[in-house]
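Counting from 243, one number per residue, gives the positions in the sequence shown under this note's numbering.
Below: the structure, in structure tokens.
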Amino acid sequence: MQIYLPIAEVSVNAFLILGLGGLVGILSGMFGVGGGFLITPLLFFVGIPPAVAVATSANQIVASSFSAILAHLRRKTVDLKMGVVLLIGGLIGSGFGVILFNYLKSIGQVDLMVRLCYVLFLGIVGLLMFIESVNAIRKSRKPIGPRKPSSRRHKSWIYAMPVKMRFRTSGLYISVFPPLLIGLFVGALAAVMGVGGGFIMVPAMIYLLGMPTKVVVGTSLFQIIFVAAFTTMLHAITNQTVDTVLAVLLLLGGVIGAQFGTQFAMKLKAEQLRVLLALLVLTVCGKLALELLLMPSELYSLTRLGGQ
243 MQIYLPIAEV
253 SVNAFLILGL
263 GGLVGILSGM
273 FGVGGGFLIT
283 PLLFFVGIPP
293 AVAVATSANQ
303 IVASSFSAIL
313 AHLRRKTVDL
323 KMGVVLLIGG
333 LIGSGFGVIL
343 FNYLKSIGQV
353 DLMVRLCYVL
363 FLGIVGLLMF
373 IESVNAIRKS
383 RKPIGPRKPS
393 SRRHKSWIYA
403 MPVKMRFRTS
413 GLYISVFPPL
423 LIGLFVGALA
433 AVMGVGGGFI
443 MVPAMIYLLG
453 MPTKVVVGTS
463 LFQIIFVAAF
473 TTMLHAITNQ
483 TVDTVLAVLL
493 LLGGVIGAQF
503 GTQFAMKLKA
513 EQLRVLLALL
523 VLTVCGKLAL
533 ELLLMPSELY
543 SLTRLGGQ
């Protein structure tokens, strides 16, 4: 069933878009990511212009993340205090990110820059996550004695920074600056790349802040909801690139898929979840890199400049 998207100015199969939204919803519930790192490139692949894909996918992230976080709230695996600190940084970062996105769009470089950012960040993060997760699985299979509790935390430079705050749900007493900076960086990525930022924030919360994996997923989703909503609003006001029809189709699929994702997550170990997420990130990175290197089927396109 073909449906016309007024802002993107293309016709797409409605069931295909619903399926993409459902797939991203499953990922949101399983890994605590908004799914933008996957849905935005997938929209590129089905012919959606990058500017529209970035702005509209941020809208879909809100629904899939909200649906998934309800399950985590019921299990009390959300650190609301940490989420608020991350959110403050995220809102500031998304504001700067939209300004940068508008500038790149005005000089005609937004499409290339978005794709390059995806290849760079997904490649680095995916590779690091995969190596660490495989090492964690190997260690878990070896019989070892009692582990030294929180030795990693006390040796980290993060725990020596000033202005500390106690996060009881996560069992942490750390400075507010590292979470603020993580939120700031993730907020900027959300605006420029159309992502929730979970593929950056989840590893940062685990390996930099030392948060328990079971709390990281729900807390990440909490921050993603508000940052993605704020980013969508800014794009709609400044760029007019949010396609409502496309967003509704993605929302319907995402809300349903997120409920299945939370159920899958309960059946897998934390190390296994991280390996699966790393493989997904590397797969998307490889596909985007291949498209940048190969000669396109159409060597030029017609666009309207300045209303002429």
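Ideal placement from N, C-alpha and C gives every residue a C-beta, glycine not left out.
For residue i, decide whether its Cβ has a neighbour in chain D, counting only Cβ atoms nearer than 8 angstroms.
i	result
residue 336	Absence of chain D from the displayed structure is noted, only one protein chain being present.
If we ignore side chains and look at the alpha-carbon of each, how far apart do residue i and residue j end up?
i	j	result
residue 465	residue 326	7 angstroms
residue 365	residue 373	12 angstroms
residue 362	residue 531	9 angstroms
residue 414	residue 328	15 angstroms
residue 408	residue 416	7 angstroms
residue 493	residue 295	14 angstroms
residue 356	residue 313	32 angstroms
residue 379	residue 369	16 angstroms
residue 251	residue 319	42 angstroms
residue 396	residue 261	Below a pLDDT of 50, predicted positions are generally treated as unreliable, and residue 396, at 43, falls in that range; the measurement from the model is reported next regardless. When rounded, the distance between both Cα atoms is 45 angstroms.
residue 457	residue 310	13 angstroms
residue 534	residue 455	35 angstroms
residue 382	residue 460	24 angstroms
residue 521	residue 292	24 angstroms
residue 255	residue 425	36 angstroms
residue 344	residue 297	11 angstroms
Would you kindly check if the distance between the Cβ of residue j and the Cβ of residue i is under 8 angstroms?
i	j	result
residue 339	residue 433	yes
residue 371	residue 516	yes
residue 440	residue 264	no
residue 431	residue 442	yes
residue 285	residue 526	no
residue 503	residue 267	yes
residue 478	residue 487	no
Quick check on DSSP: helix, strand or coil for residue i?
i	result
residue 414	strand
residue 549	Annotation note: pLDDT 42 at residue 549 (below 50); position unreliable, coordinate value reported separately. Residue 549: coil per DSSP, three-state reduction.
residue 482	coil
residue 288	coil
residue 451	coil
residue 407	strand
residue 245	strand
residue 395	Note on residue 395: pLDDT 44, under 50, position unreliable in the model; the coordinate value appears next. Helix.
If we count the other Cβ atoms within 10 Å of its Cβ and call it buried at 16 or more, is residue i buried or exposed?
i	result
residue 497	buried
residue 523	buried
residue 473	buried
residue 246	exposed
residue 389	Only weak support is given to the placement of residue 389: the predicted model assigns it a pLDDT of 49, under 50, and the value that follows is read from those uncertain coordinates. Exposed: under 16 other Cβ atoms inside 10 Å.
residue 290	buried
residue 549	Note that residue 549 has pLDDT 42, beneath the 50 cutoff, so the model's placement of it is unreliable and no number is given.
residue 349	exposed
Could you tell me whether any non-hydrogen atom of the ligand ADP is closer than 7 angstroms to the CB of residue i?
i	result
residue 474	This structure lacks the ligand ADP; in fact it carries no ligand of any kind.
Can you give, in chain order, each stretch of the alpha helix (DSSP H) that sits fully within the stretch 301-378 and has at least 4 residues?
Listed in chain order, they are 322-348.
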